[in-house]
Amino acid sequence: MKPASVHFIAAVFVLATAFTSAQGDARRPKPPASMAPADLFSSTAPTSSETTAHTNVTTHKTTTHKTTTPKVTTAPPTTPNVTTAPPTTPNVTTAAPTTHNATTANVTTAPPTTHNTTTANVTTVPPTTHNTTTANITTATTATPPTPKPTQPTNITVGNYTVKDGNKLCIMVQAAIQVQVNNSQMVGTYIVPGSADSTGKCESNTASLMITLKEGYVSMNFAKNDTTKMVFVNAVAVNLTYAFKSGVLSHLVKKNESVQLFSMTASHSYSCKSESVFLGNGIYLMFSQDRMQAFNFTNNQFGPIDLCKADQPDYRVAIGVGVVLLILIVIVVIAYLISRRKRTDGYQTL
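Per mature numbering (1 follows the signal peptide of the UniProt record, and there is no 0): the sequence shown = residues -22 to -1, 1 to 328.
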């Protein structure tokens, strides 16, 4: 045989041996797929495919393939590098669970947080609103004026209440005024402040005075009779909201329009130390240290005083005492004359 034929047969034998060894390696059991990622296997796979490709190339019958074929046979044994790669793969395995857990946690937590926040807001707002409303109701009750206490008698002051018609006085009343209540429902006294304001109106034969108070008012109406030339009060009224009974507010409305009070001569003033006007149901309008006049002022001053009956001097006692004394004197004189006459009768003439 020729040397060329020998070389060709040797080359074919070597290639067949290499091909057989390669198939044996392929049939050997491989490590589990989970131990290595797909990228590592893909990197070695091309080398084996290239070897098969070279087997196809060797058919070109070139002598240069003799030197390269031994390198091809040594390449398969280097595959153990694939088995060293799997230990590094656990990083991939641990990464997957963390990703899934994080996603699940976010989905689960988000809805409860939203619902809890909404519920908390709804629960908190109504109580705040109700508390405020209740506070307003309570404040309204407390906001009412404190219950006034009955004024002590020592606080009685004389007030000056006037009504003018232009620049001229129409009514002038100086008095300490009280409203006294004494019945089965209440017992107490209201004192009209001396600093209270007064209003009214004036006409030719009538004039009215209203003393305005925080608790209400007290009013008087004056009338003039041209025939008798007398002036008097023909109506009085009281309207008060006051605690005549401690801690209990009472609304008192009383009026008397069928009276003839404080009579005075026209252009005179009326004066009395103490006087009361009965309004009914145990209610009295009390006047003390009063002096008043309506109509016919001179230089806006009080006229001559007409005293009330209680203050007028009473001469009846003096007259009675004088009469009694006179009678006693007469009796004494008569007794003396009688006794003297008896004495003279006892003597006889010689």
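Glycine included, each C-beta is placed from N, C-alpha and C at the ideal position.
> Short check: CB of L285 to CB of S241, under 8 angstroms?
Replying inline: Walking along the sequence shown from the start, residue 285 turns up at place 307. Walking along the sequence shown from the start, residue 241 turns up at place 263. Against a cut-off of 8 angstroms, the Cβ pair of S241 and L285 comes out as no contact.
> Which whole-angstrom value is the C-beta distance of F210 and L239, which I expect to be below 8 angstroms?
Replying inline: The residue labelled residue 210 in the question sits at position 232 within the sequence shown. The residue labelled residue 239 in the question sits at position 261 within the sequence shown. Rounded, the Cβ-Cβ distance is 6 angstroms, consistent with contact.
> Which class does I169 belong to by DSSP, given the choice of helix, strand or coil?
Replying inline: The residue you call residue 169 lines up with position 191 of the sequence shown. Of the three classes helix, strand and coil, the one that applies to I169 here is strand, per DSSP.
> For V151 versus L187, is the C-beta distance shorter than 8 angstroms?
Replying inline: Translated into the one-based positions of the sequence shown, residue 151 becomes position 173. Translated into the one-based positions of the sequence shown, residue 187 becomes position 209. With a cutoff of 8 angstroms on beta-carbon distance, V151 and L187 are scored as near each other.
> Looking at K146 and F256, is the spacing between their C-beta atoms short of 8 angstroms?
Replying inline: As a first step, residue 256 must be located in the sequence shown, where it is residue number 278. As a first step, residue 146 must be located in the sequence shown, where it is residue number 168. No. Outside cutoff.
> Unbroken beta strand (DSSP E) runs of length 3 or more, entirely within the region 241 to 271: which are they?
Replying inline: 247 to 258
>> According to DSSP, is F(-10) part of a helix, a strand, or is it coil?
In response: Indexing the sequence shown from 1 puts residue -10 at position 13. In the structure shown, F(-10) sits in a helix (DSSP, three-state: H, G or I).
> Looking only at DSSP bridge pairs, what is L187 linked to?
Replying inline: Residue numbering aside, residue 187 sits at position 209 when the sequence shown is read from its first letter. L187 is bridged to G178, M198.
>> To the nearest angstrom, how far is the alpha carbon of T243 from that of Q290?
In response: Counting from 1 along the sequence shown, the entry for residue 243 is found at position 265. Counting from 1 along the sequence shown, the entry for residue 290 is found at position 312. Between the C-alpha atoms of T243 and Q290 there is a straight-line separation of about 15 angstroms.
> Looking at the unbroken beta strand (DSSP E) that takes in F222, where does it start and where does it end?
Replying inline: Taking the first residue of the sequence shown as position 1, residue 222 is located at position 244. Start and end: 208 to 223.
>> From the DSSP secondary-structure annotation, give me the bridge partner or partners of T205.
In response: Here the question's residue 205 lines up with position 227 in the sequence shown. None; T205 has no bridge partner.
> Given a threshold of 16 other Cβ atoms within 10 Å of its Cβ, counted over all protein chains shown, does A296 qualify as buried or as exposed?
Replying inline: Taking the sequence shown and counting its residues from 1, the one referred to as residue 296 is at position 318. Exposed, since its Cβ has fewer than 16 Cβ neighbours within 10 Å.
> So, do the region 259 to 276 and the region 303 to 317 have three or more beta carbon pairs nearer to each other than 8 angstroms?
Replying inline: By the criterion of at least three beta-carbon pairs nearer than 8 angstroms, the region 259 to 276 is not in contact with the region 303 to 317.
> Among residues of its own chain, excluding the 5 on either side of T213, which ones have a beta-carbon nearer than 6 angstroms to its beta-carbon?
Replying inline: Within the sequence shown, the letter at position 235 stands for residue 213. The residue you asked about is not Thr; residue 213 is Ala in the sequence shown. If we look at A213 and ignore the five residues flanking it on each side, its Cβ neighbours are N199, E235.
> DSSP beta-bridge partners for S228?
Replying inline: Taking the first residue of the sequence shown as 1, we reach residue 228 at position 250. Its beta-bridge partners are Y220.
> Between the region 223 to 237 and the region 157 to 172, do at least 3 Cβ pairs fall closer than 8 angstroms?
Replying inline: yes
> By a C-beta neighbour count over all protein chains shown, 10 Å radius and 16 as the cutoff for buried, is A185 buried or exposed?
Replying inline: Reading the sequence shown from its first residue, position 207 is the one you call residue 185. So A185 ends up on the buried side.
>> I need the straight-line Cα distance from D204 to I149, nearest angstrom please.
In response: The sequence position of residue 204 within the sequence shown is 226, counting from 1. The sequence position of residue 149 within the sequence shown is 171, counting from 1. Pairing D204 with I149, the inter-Cα distance amounts to about 17 angstroms.
>> Between A272 and chain B, is the shortest Cβ-Cβ distance under 8 angstroms, so that the two count as touching?
In response: In summary, chain B is missing from the structure at hand, where a single protein chain is found.
> Helix, strand or coil: how does DSSP classify A153 here?
Replying inline: Taking the sequence shown and counting its residues from 1, one reaches residue 153 at position 175. Correct three-state label for A153: strand.
> Expressed to the nearest angstrom, what Euclidean distance is found between the alpha-carbon atoms of M264 and L304?
Replying inline: Looking up residue 264 in the sequence shown gives position 286. Looking up residue 304 in the sequence shown gives position 326. Roughly 43 angstroms separates the two Cα atoms.
> Smallest Cα separation from G258: which of V302, K202, A215?
Replying inline: The residue you call residue 258 lines up with position 280 of the sequence shown. The candidate whose alpha carbon is nearest that of G258 is A215.
>> Quick check: the Cα distance between I134 and P282, rounded to an integer number of angstroms?
In response: Within the sequence shown, numbered from 1, the residue matching residue 134 stands at position 156. Within the sequence shown, numbered from 1, the residue matching residue 282 stands at position 304. When rounded, the distance between both Cα atoms is 26 angstroms.
> Quick one: what's got a C-beta closer than 7 angstroms to I169's C-beta in the same chain, skipping five residues either side?
Replying inline: Indexing the sequence shown from 1 puts residue 169 at position 191. T129, N133, I134, Q156, listed in sequence order.
> Thinking C-beta only, is A201 closer than 8 angstroms to N217?
Replying inline: Looking up residue 217 in the sequence shown gives position 239. Looking up residue 201 in the sequence shown gives position 223. No, the pair does not count as a contact, with Cβ atoms beyond the cut-off.
> Which two residues bound the contiguous beta strand (DSSP E) that contains G137?
Replying inline: On the sequence shown, residue 137 is found 159 positions in, with the first residue counted as 1. Here the beta strand (DSSP E) through G137 covers 137 to 143.
>> Here's the rule I'm using: 16 or more other beta-carbon atoms within 10 Å means buried, otherwise exposed. How should A153 be labelled?
In response: On the sequence shown, position 175 is the one that residue 153 refers to. Looking at its Cβ environment, which holds 16 or more other Cβ atoms inside 10 Å, A153 is buried.
>> So, for K207: in the same chain, excluding its five sequence neighbours on each side, which residues have a beta-carbon less than 7 angstroms away from its beta-carbon?
In response: By 1-based counting over the sequence shown, the position of residue 207 is 229. If we look at K207 and ignore the five residues flanking it on each side, its Cβ neighbours are T243, A244.
> By DSSP, does I134 sit in helix, in strand, or in coil?
Replying inline: If you number the sequence shown from 1, residue 134 lands on position 156. If DSSP states are grouped into helix, strand and coil, I134 belongs with coil.
>> Quick check: the Cα distance between Y195 and T140, rounded to an integer number of angstroms?
In response: Looking up residue 195 in the sequence shown gives position 217. Looking up residue 140 in the sequence shown gives position 162. Distance between the alpha carbons of Y195 and T140: 15 angstroms.
>> Using CA atoms only, rank isn't needed, just tell me which of G225, R294, I(-14) is closest to M164.
In response: The residue given as residue 164 occupies position 186 in the sequence shown. The residue with the shortest Cα to Cα distance from M164 is G225.
> Mapping DSSP to helix, strand and coil, what is V237?
Replying inline: Taking the sequence shown and counting its residues from 1, the one referred to as residue 237 is at position 259. Of the three classes helix, strand and coil, the one that applies to V237 here is coil, per DSSP.
>> Beta-carbon within less than 8 angstroms of P171's beta-carbon, same chain only, minus the 5 sequence neighbours each way: which residues are those?
In response: Here residue 171 refers to the residue found at position 193 when the sequence shown is read from its first residue. Cβ neighbours of P171 within its own chain (closer than 8 angstroms, five residues either side excluded): T135, G137, L191.
>> Let's test the definition: count the other Cβ atoms within 10 Å of the Cβ of D268 and tell me whether it reaches 16, buried, or not, exposed.
In response: Reading the sequence shown from its first residue, position 290 is the one you call residue 268. Buried.
>> Taking the alpha carbon of V237 as the reference point, which residue from A221, S173, S254 has its own alpha carbon closest?
In response: The residue you call residue 237 lines up with position 259 of the sequence shown. If we check each option's Cα against that of V237, S254 comes out closest.
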